[in-house]
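Here is the structure we will look at.
Here is the structure:
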């Protein structure tokens with residue numbers, strides 16, 4: 001039997017390309033396909049890049065405005081304090097931003113949105129109450145009946161009437177009346193405001 005002749009160059013065995021592996025069925029096995037690269041980040045609760053369109057700031061009723069804002073955040077799945085803070089700051093009008101400059105310059109590290117919301121509600125409510133007092137104080141009885149004056153003052157309060165201090169409104173109303181009428185109505189402290197006004201019409 002003839003012996004198989006080996007190549008004279010020992011390195012030739014190393015240069016021979018390796019044959020692809022063969023499956024039991026006689027087919028060449030293709031190399032395994034690597035898994036696809038992950039191109040999206042896992043969901044992180046509270047962090048959202050969903051576009052949120054907040055309503056225009058409601059200067060006459062910031063409390064209701066924040067209720068609307070909270071609904072928008074809930075729909076968008078936003079729970080991050082910092083994300084909420086940035087959304088609200090981005091839509092604040094200049095006159096409101098001036099009231100909370102200290103919060104904007106140095107927002108607290110913990111719960112910045114809660115701190116911002118509290119500051120806005122506290123400071124704008126006080127400013128609005130003062131503005132309404134000035135508005136009502138400018139009203140005079142003139143030729144009108146007391147009940148007409150009261151209705152006009154209530155109209156000026158508009159949507160703030162349900163939350164406006166009833167005792168303060170009564171005080172401002174009585175101050176607009178003649179002193180003799182005020183003395184008569186001084187005893188009607190427990191009556192609804194409309195009743196002293198109607199009583200004053202008959203004096």
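In full-length UniProt numbering, the protein residues as written are 1 to 203.
We treat Cβ as the ideally placed atom computed from N, Cα and C, and that holds for glycine.
The structure displayed is predicted, hence computed values, not measured ones.
Would residue i pass as a contact of residue j if the rule is Cβ separation under 8 Å?
i           : j           : result
residue 52  : residue 74  : no
residue 193 : residue 166 : yes
residue 57  : residue 107 : no
residue 132 : residue 157 : yes
residue 112 : residue 67  : no
residue 176 : residue 149 : yes
residue 124 : residue 59  : yes
residue 54  : residue 85  : no
residue 196 : residue 188 : yes
With a 10 Å radius around its C-beta and 16 neighbouring C-beta atoms as the bar for buried, classify residue i as buried or exposed.
i           : result
residue 38  : For residue 38, the predicted structure reports a pLDDT of 40, less than 50, and the residue's modelled location is therefore unreliable. A value from the coordinates is still provided. By the 10 Å Cβ count, residue 38 comes out exposed.
residue 203 : exposed
residue 130 : exposed
residue 168 : exposed
residue 88  : buried
Please state whether DSSP places residue i in a helix, a strand or coil.
i           : result
residue 176 : coil
residue 61  : coil
residue 37  : Its pLDDT being 42, under 50, residue 37 is placed unreliably in this model, and the coordinates cannot settle the point.
residue 53  : coil
residue 114 : helix
residue 47  : At residue 47, the pLDDT of 48 sits below 50, so the modelled position is not reliable and the matter cannot be decided from this model.
residue 119 : helix
Any heavy atom of the ligand SAM closer than 7 Å to the Cβ of residue i?
i           : result
residue 176 : This structure lacks the ligand SAM; in fact it carries no ligand of any kind.
Which residues mark the beginning and the end of the alpha helix (DSSP H) in which residue i is found?
i           : result
residue 151 : 146 to 157
residue 197 : 194 to 201
residue 82  : 81 to 91
residue 101 : 101 to 105
Which value, in whole angstroms, describes the spacing of the CA atoms of residue i and residue j?
i           : j           : result
residue 205 : residue 99  : The structure shown does not extend to residue 205, since the chain is modelled only from 1 to 203, so the question has no answer here.
residue 139 : residue 170 : 13 Å
residue 69  : residue 62  : 10 Å
residue 162 : residue 155 : 12 Å
residue 128 : residue 201 : 31 Å
residue 164 : residue 172 : 12 Å
residue 102 : residue 120 : 11 Å
residue 152 : residue 143 : 13 Å
residue 97  : residue 181 : 44 Å
residue 104 : residue 184 : 52 Å
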